[in-house]
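J.: Residue numbers (the working numbering), protein chains in the order written: chain A, 1 to 357; chain B, 1 to 392. Heads up, the beta-carbon is just placed ideally off N, CA and C, and yes, glycines get one too. Just passing along the structure, written as structure tokens.
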Amino acid sequence: MNEDQDIRTLLADSARRVFADHCSQEAVEAAKKSGWSSALWQVLERTQLTLVSIPEPLGGAGGTVADFAAVLRIAGRYSAPVPLAETGLLAGWLLAASGQAVPAGPLSAAPAQPAEALTLSRSAGAWRLAGTARRVPWARVATRLVALARYQATDWVVSVDPRRCVITPGSNLAWEPRDEVRFDAIALGDDEVVPAGAGVDLDRLYLRGALARAIAMAGALDRALELALTHAKTRVQFGRAIAKFQAVQQELARFAGEVAAAAAAALSAAGAVERGEGEFAVACAKVRAGEAASTGAAIAHQIHAAIGVTEEFALHHSTLRLQAWRAEYGSETYWGERLGEQVLAAGAERLWPRLTE
Amino acid sequence: MLFGDVDFSALILPDSAQALRAEVRAFLAGELASARIMPHLGHAQFDREFSRRIGSRGWIGMTWPKRYGGRERSYLERFVVTEEMLAVSAPCAAHWFGDRQCGPSLLRYGSEAQKARFLPAIARGESPFALGMSEPNSGSDLASVRTRADKVEGGWRVSGQKVWTSWAHVAEHFFCLCRTCADAGDRHLGLSQLIVDLRAPGVTIRPIRFMSGAHHFNEVFLDNVFVPDDMVLGEIGAGWRQVTSELALERSGPERFMTTFPLFVELVRRLGASTERRARQAIGQLSARMYALRRMSLAIAFEFSRALSDSAMRDLGTEASLVKDLGTFFERDITEAARLLVDVEPCPDAGDTFERYLAECIYTTPVGTIRGGTTQVLRTIIARKLTGAAAA
């Protein structure tokens, strides 16, 4: 055990307690209507779990991306209805990496789609932000929206009060808020606009979004497998627990392989992002976690049979998130194609060196 | 949960291992450029001269103590050498079993005389070993072996039949799992491991030709073969424990997902900078699967590497089974992707490397999910661990 692992263990223990206390079936169910759980958010802030990987001088806990990944995996496992990754890994990062302190409260980041751009302009000494960002996670509950916008061919980081935007509510498959946000030439003060820091651009924002979803999928897969195992051991048919049937065992084993592969890829990618070499690893992680989500969700439902597809049973919180998160910040198709393009462009002789760097 | 507390984000190979990688890669590039080796996919080829060259560089038995011919290097460095060899399908069969299984078993269970005799020779690449495990009626169910050894003055008399023994016709010794006690009650208790000289009187080796026509498998008949007492490995009756303790090492290595890797490389070459979406997606998907598998295999290698120093090793046997299960399907995925993306008729004697590799992979792909534990047996082991049921 070294010091880093000790910190990681403490963080994970603390996160597990908080999420277990606040993510009951009722709480997650209620969040479908209210959009989120403010009670959970208060506790997360109090226990300093929201800005784990933000430097201390800028309001965070000074940990690594891998530390935060451990917390995000647990959040994914409990279907935590809060913008945790959006606050600590996306919006918080945009601000901190551009030298800005990160405010308290739930945050979200825009754009959340690859080909979107927001425009910043300046006239008569005032900044204005224009454009539309689609499917912004939790925009309606955020206290600040942090956007990346273009001005004179460079990137700028903008912090906006969401009450000044036109927000049209939308949701993903699991009823998590994914809202459309229109910025109608919103006037901004000088303290709300800064040049993007080194290494802050749209592609890296999207990459971090993909990392966040891959890690969350690893967590949701943990949970779905746990539920499937519990069910298989307790559900009795033909006079014995269904886990005794080899056909069921084979599927459980296949499921476990997918869960492990997703976690291996996603957590490895977190380390790679921390070291500033994340592009290949994150692309691999999002593709692999997406594949695991597809296979894992299907097996989880098959093992549960009819009870698994009901609203009263918790499984769907995990499997619907898996299906939603597969598509967010780039599907397997998007990242697979992008990854394949890079591998092919680099050529045969670069494939093995790239995998072993 | 499997791999539950493994910190994948921190698995970074030390600089020493990456430096060694560069050395091995340069050496292999030279071997290929000068046509001293000619890669074939599927079954590692047997090439005594190549194994000697590898041995003289210190890349066999490299984690073993120096007094037994080892180099006392880390397990991670060994991992790097192994994966570099696999990346070009180097002909490692003449030292493979000695390096991976027999050597470590000798170190752990062997007598001082056995260690002194065999380990330095294995490390020099001059003592090819084979493994005598499977029998005609004992494939996945290894504990059912029937080859028996009867106690005689000064040793044992062994009779029976081993099958699927790779390279027995060119190896010098094999580790023979046999029954030394017919009525031990528990069938796992009556087993022992003997080191058998494959040229001893009473040993007959016959080829079992692979469906491609290649000869690497054999059946080995043992007719009253005398094995002296000093060639018993470890304890009489402890054979099952000794054999299974090495299984994790055997099941999680990169050889479980890299046998078709050179085809992947040739596929990338053949596709060039293809702009076809389907091609890009398939290559991206294979890259992602490979990345995840390698990270899982590396996690187990890190665990072995820690175990060498503090001996408090977590039991990652189930995780190793899982890597093999996923890995062998990945090998199959590469072959299938190559077929679907490049429309050629596979041809075993093609001059073109891609086409030849494709044919060789089609021949050997069914073997991956069989050797070293079939998919079905592995999944049963995994499921038992997951559901907390007792092992068979």
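List the residues of chain B that ASP222/A touches, going by C-beta distances under 7 Å, in chain order.
T.: The residue given as residue 222/A occupies position 222 in the first sequence. Here the neighbours are MET1.
J.: Candidates GLN101/B, ALA26/B, MET85/B, ALA279/B: which alpha carbon is nearest THR244/B's?
T.: In the second sequence, residue 244/B corresponds to position 244, counting from 1. The candidate whose alpha carbon is nearest that of THR244/B is GLN101/B.
J.: Kindly list the residues whose CB is nearer than 7 Å to the CB of ALA70/A, restricted to its own chain and excluding five residues on each side of it in sequence; keep chain order.
T.: Stepping through the first sequence from its first residue, residue 70/A is reached at position 70. Within the same chain, ALA70/A has close Cβ partners ARG8, LEU11, ALA12.
J.: Could you check which residue in ASP161/A, PRO81/A, ASP203/A, LEU58/A has the C-alpha nearest to that of PRO114/A?
T.: Residue 114/A sits at position 114 when you count from the first residue of the first sequence. Among ASP161/A, PRO81/A, ASP203/A, LEU58/A, the Cα nearest to that of PRO114/A belongs to ASP203/A.
J.: Between the alpha carbons of ASP310/B and MET217/A, how many angstroms are there, rounded?
T.: For the purposes of this step, residue 310/B is taken as the residue at position 310 of the second sequence. For the purposes of this step, residue 217/A is taken as the residue at position 217 of the first sequence. At ASP310/B, the pLDDT of 49 sits below 50, so the modelled position is not reliable; the number obtained from the coordinates is stated separately. Taking the straight line from one Cα to the other gives about 34 Å.
J.: If the criterion is Cβ atoms closer than 8 Å, does the pair LEU355/A and VAL282/A meet it?
T.: By 1-based counting over the first sequence, the position of residue 355/A is 355. By 1-based counting over the first sequence, the position of residue 282/A is 282. Result no, Cβ atoms of LEU355/A and VAL282/A do not sit closer than 8 Å.
J.: What distance in whole Å lies between the Cβ atoms of ILE167/A and ALA228/A, which are believed to be in contact at a cut-off of 8 Å?
T.: By one-based count along the first sequence, residue 228/A stands at place 228. By one-based count along the first sequence, residue 167/A stands at place 167. Actually they do not touch by this definition, with Cβ atoms about 37 Å apart.
J.: By the DSSP assignment, the beta strand (DSSP E) with PHE129/B in it spans what residues?
T.: Translated into positions along the second sequence, residue 129/B becomes position 129. From DSSP, the beta strand (DSSP E) with PHE129/B extends over 129-132.
J.: May I ask you to list, following chain order, the residues of the segment 79-103 of chain B that have a beta carbon less than 9 Å from some beta carbon of chain A?
T.: Answer set for the segment 79-103 of chain B: VAL80, GLU83, GLU84, ALA87, VAL88.
J.: Would you check if the distance between the CB atom of VAL24/B and the CB atom of GLU112/B is smaller than 8 Å?
T.: Within the second sequence, residue 24/B is the residue found at index 24, counting from 1. Within the second sequence, residue 112/B is the residue found at index 112, counting from 1. Not closer than 8 Å, so no.
J.: Indicate whether at least one CB of chain B lies closer than 8 Å to the CB of ARG254/A.
T.: Within the first sequence, the letter at position 254 stands for residue 254/A. With 8 Å as the cut-off, ARG254/A counts as an interface residue toward chain B.
J.: Determine the direct distance from the alpha carbon of SER159/B to that of PHE97/B, and round the result to whole angstroms.
T.: Against the second sequence, residue 97/B aligns to sequence position 97. Against the second sequence, residue 159/B aligns to sequence position 159. Cα-Cα distance, rounded: 23 Å.
J.: Say whether chain B places a C-beta atom closer than 8 Å to the C-beta of SER268/A.
T.: Locating residue 268/A in the first sequence gives position 268, where the first residue counts as 1. Chain B contact via Cβ: present.
J.: Which residue's Cα is closest to the Cα of VAL145/B: ASN137/B, LYS151/B, GLY388/B?
T.: Counted from its first residue, the second sequence places residue 145/B at position 145. It is ASN137/B whose Cα lies nearest to the Cα of VAL145/B.
J.: Are VAL259/A and LEU221/A closer than 8 Å when you measure CB to CB?
T.: Position 259 of the first sequence, counted from the first residue, corresponds to residue 259/A. Position 221 of the first sequence, counted from the first residue, corresponds to residue 221/A. Contact: yes.
J.: Checking 8 Å against the spacing of the C-beta atoms, do THR318/B and GLY368/B come in under that value?
T.: In the second sequence, the residue the question calls residue 318/B occupies position 318. In the second sequence, the residue the question calls residue 368/B occupies position 368. Going by C-beta atoms, THR318/B is not nearer than 8 Å to GLY368/B.
J.: Suppose you measure from the CA of GLU360/B to the CA of LEU107/A; what does that come to, to the nearest Å?
T.: On the second sequence, position 360 is the one that residue 360/B refers to. On the first sequence, position 107 is the one that residue 107/A refers to. Using only the alpha carbons, I get a separation of about 55 Å.
J.: Hey, could you find the ends of the alpha helix (DSSP H) TRP93/A is sitting in?
T.: Indexing the first sequence from 1 puts residue 93/A at position 93. First-last of the alpha helix (DSSP H) with TRP93/A: 92-96.
J.: For HIS317/A, does the three-state DSSP call read helix, strand or coil?
T.: Your numbering for residue 317/A matches position 317 in the first sequence. DSSP places HIS317/A in helix when its eight states are reduced to three.
J.: So with Cβ pairs under 8 Å, would you call ASP333/B a contact of chain A?
T.: Counting from one through the second sequence, the residue named residue 333/B turns up at place 333. By this cut-off, ASP333/B is not an interface position.
J.: Ignoring anything shorter than 4 residues, give me the alpha helix (DSSP H) runs that lie fully in the segment 21-78 of chain A, in order along the chain.
T.: Qualifying alpha helix (DSSP H) stretches, in chain order: 25-34, 38-46, 65-77.
J.: Output, in chain order, the set of chain A residues within a Cβ distance shorter than 8 Å of LEU322/B.
T.: As a working note, residue 322/B is residue 322 in the second sequence. Near LEU322/B (Cβ distances below 8 Å), the residues of chain A are ALA253, ALA256, GLY257, ALA260.
J.: My guess is that TYR363/B and SER212/B are in contact by the Cβ rule of under 8 Å, so how many angstroms apart are they, rounded?
T.: Position 363 of the second sequence, counted from the first residue, corresponds to residue 363/B. Position 212 of the second sequence, counted from the first residue, corresponds to residue 212/B. Yes, TYR363/B and SER212/B are in contact; Cβ-Cβ is about 4 Å, under 8 Å.
J.: Pull up the CB-CB distance for LEU267/B and VAL342/B, whole angstroms please, since I reckon it's below 8 Å.
T.: Sequence index remark: in the second sequence, residue 267/B carries index 267 (1-based). Sequence index remark: in the second sequence, residue 342/B carries index 342 (1-based). About 7 Å; that satisfies the 8 Å criterion.
J.: Select from LEU40/A, ARG140/A, VAL52/A, VAL157/A the residue whose C-alpha is nearest the C-alpha of TRP127/A.
T.: As a position in the first sequence, residue 127/A is number 127, starting the count at 1. Of LEU40/A, ARG140/A, VAL52/A, VAL157/A, the residue nearest in Cα terms is VAL157/A.
J.: Nearest-angstrom Cα distance between LEU41/B and ASP179/A?
T.: Mapped onto the second sequence, residue 41/B falls at position 41. Mapped onto the first sequence, residue 179/A falls at position 179. Spanning the two alpha carbons is a distance of roughly 52 Å.
J.: Is the beta carbon of GLY125/B sitting closer than 8 Å to the one on LEU233/B?
T.: Within the second sequence, residue 125/B is the residue found at index 125, counting from 1. Within the second sequence, residue 233/B is the residue found at index 233, counting from 1. For GLY125/B and LEU233/B, no; Cβs fall outside 8 Å.
J.: When you compare the CB of LEU315/A with every CB in chain B, is at least one pair closer than 8 Å?
T.: One-based indexing of the first sequence puts residue 315/A at position 315. No, because no Cβ of chain B sits closer than 8 Å to the Cβ of LEU315/A.
J.: Can you tell me the Cα-Cα spacing of ALA214/A and ALA35/B, whole angstroms?
T.: One-based indexing of the first sequence puts residue 214/A at position 214. One-based indexing of the second sequence puts residue 35/B at position 35. C-alpha separation (whole angstroms): 44 Å.
J.: Residues of the segment 287-303 of chain B in Cβ contact with chain A at a cutoff of 8 Å, in chain order, please.
T.: Of all residues in the segment 287-303 of chain B, SER287, ALA288, ARG289, MET290, TYR291, ALA292, LEU293, ARG294, ARG295, MET296, ALA299 have a Cβ within less than 8 Å of some Cβ in chain A.
J.: Out of curiosity, what's the CA-to-CA distance linking ARG73/B and GLY271/A?
T.: The residue given as residue 73/B occupies position 73 in the second sequence. The residue given as residue 271/A occupies position 271 in the first sequence. Going from the Cα of ARG73/B to the Cα of GLY271/A covers about 26 Å.
J.: Which residue or residues does DSSP assign as beta-bridge partners of PRO177/A?
T.: Along the first sequence, one-based indexing puts residue 177/A at 177. Its beta-bridge partners are SER171/A.
J.: Since LYS233/A meets chain B, which of its residues come closer than 8 Å, beta carbon to beta carbon?
T.: Here residue 233/A refers to the residue found at position 233 when the first sequence is read from its first residue. Neighbours of LYS233/A on chain B, chain order: THR387, GLY388.
J.: Apply the 10 Å Cβ neighbour rule to ILE60/B and answer buried if 16 or more other Cβ atoms are within range, or exposed otherwise.
T.: Within the second sequence, numbered from 1, the residue matching residue 60/B stands at position 60. With 16 or more Cβ atoms within 10 Å of its Cβ, ILE60/B is classed as buried.
J.: Are GLY278/A and ARG326/A close, meaning C-beta to C-beta below 8 Å?
T.: Looking up residue 278/A in the first sequence gives position 278. Looking up residue 326/A in the first sequence gives position 326. For GLY278/A and ARG326/A, no; Cβs fall outside 8 Å.
J.: May I ask you to report which of helix, strand or coil DSSP gives LEU188/A?
T.: Looking up residue 188/A in the first sequence gives position 188. Three-state DSSP puts LEU188/A in a strand.
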